[in-house]
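1 is the number of the first residue of the sequence shown in the UniProt record's numbering; add one for each residue after it.
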Amino acid sequence: MRSNPVLTSILIGLFGLPLVLLALLATGQYWRFPDVLPPGYSLDALARVISAESDLGAGLLLSLGIATVVSVLSTGLGFVFSRAVARTRHPDRWVTLSYLPYALPPVLLAIVIQPFIIRLHLSGTVMGVGLGLLMITLPFCTLFFRSFWGNQASQYEQVSRTLGCTPTQALWRVLLPLARPLLVTCLFQTFLIAWFDFGLTNYLSVGKVRTLTVQVFLLVGEANSRLAAVASLLLLLPPSLLLWLNQRAIARRVI
Numbered sequence: 001m002r003s004n005p006v007l008t009s010i011l012i013g014l015f016g017l018p019l020v021l022l023a024l025l026a027t028g029q030y031w032r033f034p035d036v037l038p039p040g041y042s043l044d045a046l047a048r049v050i051s052a053e054s055d056l057g058a059g060l061l062l063s064l065g066i067a068t069v070v071s072v073l074s075t076g077l078g079f080v081f082s083r084a085v086a087r088t089r090h091p092d093r094w095v096t097l098s099y100l101p102y103a104l105p106p107v108l109l110a111i112v113i114q115p116f117i118i119r120l121h122l123s124g125t126v127m128g129v130g131l132g133l134l135m136i137t138l139p140f141c142t143l144f145f146r147s148f149w150g151n152q153a154s155q156y157e158q159v160s161r162t163l164g165c166t167p168t169q170a171l172w173r174v175l176l177p178l179a180r181p182l183l184v185t186c187l188f189q190t191f192l193i194a195w196f197d198f199g200l201t202n203y204l205s206v207g208k209v210r211t212l213t214v215q216v217f218l219l220v221g222e223a224n225s226r227l228a229a230v231a232s233l234l235l236l237l238p239p240s241l242l243l244w245l246n247q248r249a250i251a252r253r254v255i
C-alpha cells in the first residue's frame with residue numbers, strides 16, 4: 001500500500017513542528033517578538049540538566065523510578081487479579097468495581113484517598129505517590145487482561161496440568177509466554193499513565209515529590225520558557241523510546 005506524500009507531509013508537520021519549537025526554545029537566546037528565529041543559540045540550559053545540582057536531572061530519575069516500579073507492579077498484580085476475577089461466580093460485579101476509580105478525575109480521586117495516605121504516614125513521600133498511582137493503574141491492568149482468561153487460556157492450562165505441570169510451572173511456562181504480547185503492551189501503557197500523571201502526583205506529594213511532570217508545570221508557571229522547554233523534551237524522551245522499541249517489536253513479528 002503506497003503512502004500519500006501530501007498526508008505524510010501534513011502529519012510530519014503536525015507532529016514535528018511542536019518538537020522543533022521546543023528545541024528552539026531550549027537552545028535559543030534573547031528570542032523576543034517580532035523575531036522569527038532566535039538571534040543566538042546556546043546549550044547552557046541543556047548542560048544544566050546533567051549537572052550534579054540539577055533539579056531536572058533528579059526529577060527525570062525520580063519519574064523513571066516511580067513509573068517503572070508502578071508499571072511493573074500493576075502489570076504483575078493486574079494479571080493475577082484478572083485471573084481471580086475471571087474465576088469468580090459473578091465476575092461482572094468485580095469488573096464494575098474496577099471501573100469505579102475512573103468515575104472521578106485524578107485530582108478528585110487524590111482528594112478522596114488523601115486521608116488514608118495521611119493515616120499511613122505516607123503523605124508527601126514517594127511511596128504515597130506510588131500507592132496513589134496504583135489506584136489508577138491496577139484497575140486498568142485488571143480490565144486489560146480480562147479478555148485473556150477465555151477458553152484458550154483455560155484449555156492450555158488444563159493440558160499442561162494433565163501432562164504433569166504444577167500450577168507454578170503452568171503459570172511460568174505456559175500462561176506467561178502465551179500472554180507475553182499483552183504483558184508488554186500493558187507494561188508500556190501503565191508506564192505512560194504513571195509517567196505523564198500530574199494532578200494526582202502533585203496533590204499527594206504536597207510539593208515534596210517533584211517529578212519531571214510537576215517540574216514542567218512549575219517552570220511554565222514561573223515563565224521560565226527555556227528550562228520548561230528542556231523539561232518538556234526530557235518528558236517526551238522515554239515515551240518516544242518506548243514507541244520506537246514497540247515499533248521494532250511489531251516489525252519483527254511481521255517479518
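Using N, Cα and C, we set each Cβ at its ideal position, and we do this for glycine too.
The model shown is predicted, which means the values in this text are computed figures rather than measured ones.
C-beta contact flag for residue i and residue j at 8 Å
i: D55; j: Q155; result: no
i: Y203; j: V107; result: yes
i: L133; j: D92; result: no
i: T68; j: L43; result: no
i: L200; j: L60; result: no
i: R117; j: L131; result: It is worth fixing the name first, because residue 117 is Ile in this sequence and not Arg. In contact: I117 and L131 (Cβ atoms closer than 8 Å).
i: A194; j: V95; result: no
Start and end residues, alpha helix (DSSP H) containing residue i
i: P106; result: P106 to R119
i: F33; result: No alpha helix (DSSP H) contains F33, which DSSP labels as neither H nor E.
i: A179; result: Run containing A179: none; DSSP gives neither H nor E here.
Alpha carbon of residue i to alpha carbon of residue j, nearest angstrom
i: L235; j: A86; result: 37 Å
i: A58; j: S232; result: 15 Å
i: A179; j: N151; result: 14 Å
i: Q158; j: G65; result: 38 Å
i: L17; j: A229; result: 14 Å
i: P167; j: F217; result: 48 Å
i: P238; j: L192; result: 9 Å
i: F79; j: V209; result: 29 Å
i: G124; j: S205; result: 4 Å
i: R4; j: P181; result: Note on identity: in this sequence residue 4 is Asn, with Arg being the wrong assignment. If you take the alpha carbons of N4 and P181, they lie about 30 Å apart.
i: M1; j: R119; result: Low per-residue confidence applies at M1: pLDDT is 49, beneath 50, and the placement is therefore not dependable, though the value from the model is reported in the following sentence. C-alpha separation (whole angstroms): 59 Å.
i: L62; j: G207; result: 14 Å
i: E222; j: F148; result: 47 Å
i: V6; j: L171; result: 49 Å
i: A103; j: G128; result: 21 Å
i: L243; j: L183; result: 15 Å
i: S160; j: P177; result: 13 Å
i: T8; j: P38; result: 28 Å
i: T142; j: M135; result: 11 Å
i: P175; j: N246; result: Correcting the residue identity first, residue 175 is Leu in this sequence and not Pro. So the two alpha carbons sit approximately 22 Å from each other.
i: Q29; j: Y41; result: 5 Å
i: T88; j: C165; result: 23 Å
i: residue 257; j: V126; result: Beyond the ends of the chain as shown, which are 1 and 255, falls residue 257; an answer cannot be given.
i: L163; j: Q169; result: 11 Å
i: F33; j: V220; result: 19 Å
Closest Cα partner of residue i within the set the options
i: F81; options: R210, S225 and T137; result: T137
i: N224; options: V6, G164 and W31; result: W31
i: R48; options: S240, G221, L227 and Q247; result: L227
i: E46; options: G221, P139, L24 and S123; result: Here the sequence assigns Leu to residue 46, which means Glu is not the residue at that position. For L46, the nearest C-alpha among the options comes from L24.
i: L21; options: V36, T8, L7 and L11; result: V36
i: R146; options: G164, A84, N246 and S160; result: A84
i: P139; options: S98, G221 and F33; result: S98
i: A153; options: M135, C141, R173 and G40; result: R173
i: S240; options: L19, L11 and G13; result: L19
Worksheet item: Any contact of the stretch 177-196 with the stretch 68-81, i.e. 3+ C-beta pairs under 8 Å?
Response: yes
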